[in-house]
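Visitor: Starting off with a structure, shown below.
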Amino acid sequence: MSWRAVVAALDEHAAFRSQVSLYLHPLAGRATLWHVVRALLAVSPPPREIVVVHLQGSNTQVDVDADVQIRYVAVEPGTESRALRAAVTPPGMTVLVDGSAALVTPATITRLLRAAEHGVASVRGDTELATSIAVAGEGPALASADDPRVPNGAALVAPTHAEELLQVLDRHTLSDAAVALRDRLVRQHERGGVSFLLPATTWLDVDVRIGADTLVYPSVVLEGSTDVAGECVIGPYSRIVDSEVGRGAELKGWNYLCRTRVRSRAVLEAYARRGDD
Numbered sequence: 104m105s106w107r108a109v110v111a112a113l114d115e116h117a118a119f120r121s122q123v124s125l126y127l128h129p130l131a132g133r134a135t136l137w138h139v140v141r142a143l144l145a146v147s148p149p150p151r152e153i154v155v156v157h158l159q160g161s162n163t164q165v166d167v168d169a170d171v172q173i174r175y176v177a178v179e180p181g182t183e184s185r186a187l188r189a190a191v192t193p194p195g196m197t198v199l200v201d202g203s204a205a206l207v208t209p210a211t212i213t214r215l216l217r218a219a220e221h222g223v224a225s226v227r228g229d230t231e232l233a234t235s236i237a238v239a240g241e242g243p244a245l246a247s248a249d250d251p252r253v254p255n256g257a258a259l260v261a262p263t264h265a266e267e268l269l270q271v272l273d274r275h276t277l278s279d280a281a282v283a284l285r286d287r288l289v290r291q292h293e294r295g296g297v298s299f300l301l302p303a304t305t306w307l308d309v310d311v312r313i314g315a316d317t318l319v320y321p322s323v324v325l326e327g328s329t330d331v332a333g334e335c336v337i338g339p340y341s342r343i344v345d346s347e348v349g350r351g352a353e354l355k356g357w358n359y360l361c362r363t364r365v366r367s368r369a370v371l372e373a374y375a376r377r378g379d380d
């Protein structure tokens, strides 16, 4: 199936009280919008192009390594609906996703595409007042609505996981999304053979790698492109940033590593610091 994607990054909420666009606020080490784009790219087959529609003067560009063309279209405030209609008008299957829906998964987008083969489909909650996070259908059909984000008579597609409906609109929903994404990442690592003694206190970024049979104690923070090999012990209250921990290494706890490497089988005593401060 050939399809294209449009991402609506149009809701700059004053509640954030920030000079940074809400779509660029970090979530598990990456911009909120990055997670949406990555979910689209992970669908098989991927979209032939992604168009990000954003408000003029708002920086929403994200660094994504992809073969798919990503275009950014700036629009004047007050013209959002008209701009979205223009973006989805080209013939063919189109998916329109809200840029604040950082937890949407490739599985849900795939199901949405399948449902849209029979007409316009929408991913939202099961109440009439629920907000849609994604819609799909033939471009002209989506463009026929006053606002393509609220199509008429769309078939309801339930998300694969309930937390996918969460939209990052303010600081509180950003923290809710961070918790949900943390839990998702922990489950992924657990399936890969990693043990977390108290997962609810662990924080880790989306690019972190952890090898099998590693034990992570409570209140550990793993950031950036950190790579922890297998059979390691990461003691409590340790923070590791953009670092490499060799196989079988042990951190006793309360350690701080930043842009450094710990050799295999090494033991770091409690409170030891390595790398950049």
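In this note's numbering, the protein residues as written are 104 to 380. We treat Cβ as the ideally placed atom computed from N, Cα and C, and that holds for glycine.
Provide the residue span of the alpha helix (DSSP H) that contains LEU144, from first to last.
Guide: That run of the alpha helix (DSSP H) goes 135-144.
Visitor: In chain order, what residues of the same chain lie with their CB nearer than 7 angstroms to the CB of ASP273, ignoring the 5 residues before and after it?
Guide: If we look at ASP273 and ignore the five residues flanking it on each side, its Cβ neighbours are HIS116, ALA118 and PHE119.
Visitor: To test your reading of the DSSP string, which unbroken beta strand (DSSP E) runs of 3 or more residues are found completely within the segment 283-370?
Guide: The qualifying runs are 324-326, 342-344 and 359-361.
Visitor: Count the C-beta pairs between the segment 261-270 and the segment 293-313 that are closer than 8 angstroms, then say yes if the count reaches three, no if not.
Guide: Short answer: they don't touch.
Visitor: Can you round the beta-carbon distance between ILE212 and ALA142 to whole angstroms, since I take them to be within the 8 angstroms contact cut?
Guide: About 6 angstroms; that satisfies the 8 angstroms criterion.
Visitor: Where do the N-terminal and C-terminal ends of the beta strand (DSSP E) with GLU152 fall, by residue?
Guide: That run of the beta strand (DSSP E) goes 152-158.
Visitor: Reducing DSSP to helix, strand and coil, say where ASP249 ends up.
Guide: Reduced to three states, the DSSP call for ASP249 is coil.
Visitor: Contact defined as beta carbons within less than 8 angstroms: I believe VAL324 pairs with TRP306. What is the distance between those atoms, to the nearest angstrom?
Guide: Right, the Cβ-Cβ distance comes to about 5 angstroms (below 8 angstroms), so this counts as a contact.
Visitor: Among the candidates ALA108, ALA224 and ARG362, whose CA atom is the shortest distance from the CA of ILE343?
Guide: Nearest C-alpha to ILE343: ARG362.
Visitor: Based on the DSSP secondary-structure assignment, which residues constitute the bridge partners of VAL178?
Guide: The partner list for VAL178 (beta bridge, DSSP) reads LEU158.
Visitor: Can we say the segment 215-228 touches the segment 163-175, given the rule of at least three CB pairs closer than 8 angstroms?
Guide: Output reads no: the segment 163-175 does not touch the segment 215-228.
Visitor: Measure the Cβ-Cβ separation of LEU199 and VAL109 and say whether it is below 9 angstroms.
Guide: It is a contact, given that the beta carbons lie within the stated cut-off.
Visitor: Between the Cα of LYS355 and those of VAL336, SER346, GLU347 and VAL348, spot the shortest distance and give me the residue it belongs to.
Guide: Comparing Cα-Cα distances from LYS355 to each of VAL336, SER346, GLU347 and VAL348, the minimum goes to VAL336.
Visitor: Of all the options PRO243, ASN255, LEU277 and ALA246, which has the alpha carbon lying nearest to the alpha carbon of ALA204?
Guide: Of PRO243, ASN255, LEU277 and ALA246, the residue nearest in Cα terms is LEU277.
Visitor: Check each candidate in GLY202, ARG185, ARG188 and LEU259 and name the one with the smallest Cα separation from ARG217.
Guide: Comparing Cα positions, the closest option is LEU259.
Visitor: On the premise that PRO194 lies in contact with GLY242, defined as a C-beta separation below 8 angstroms, what is that separation, rounded to the nearest angstrom?
Guide: About 5 angstroms separates the two Cβ atoms, so the contact holds.
Visitor: With 16 other CB atoms within 10 Å as the buried threshold, where does TYR374 fall?
Guide: It counts as exposed.
Visitor: If you follow the beta strand (DSSP E) that ARG107 is part of, which residue opens it and which one closes it?
Guide: 106-112 is the extent of the beta strand (DSSP E) around ARG107.
Visitor: Taking only three categories from DSSP, how would you classify THR208?
Guide: Looking at THR208 - three-state DSSP - the assignment turns out to be coil, as it is neither helix nor strand.
Visitor: Can you tell me where the alpha helix (DSSP H) holding ARG185 begins and where it ends?
Guide: Its alpha helix (DSSP H) spans residues 183-191.
Visitor: Cα separation between ALA111 and VAL207?
Guide: Answer to the nearest angstrom: the Cα atoms are 14 angstroms apart.
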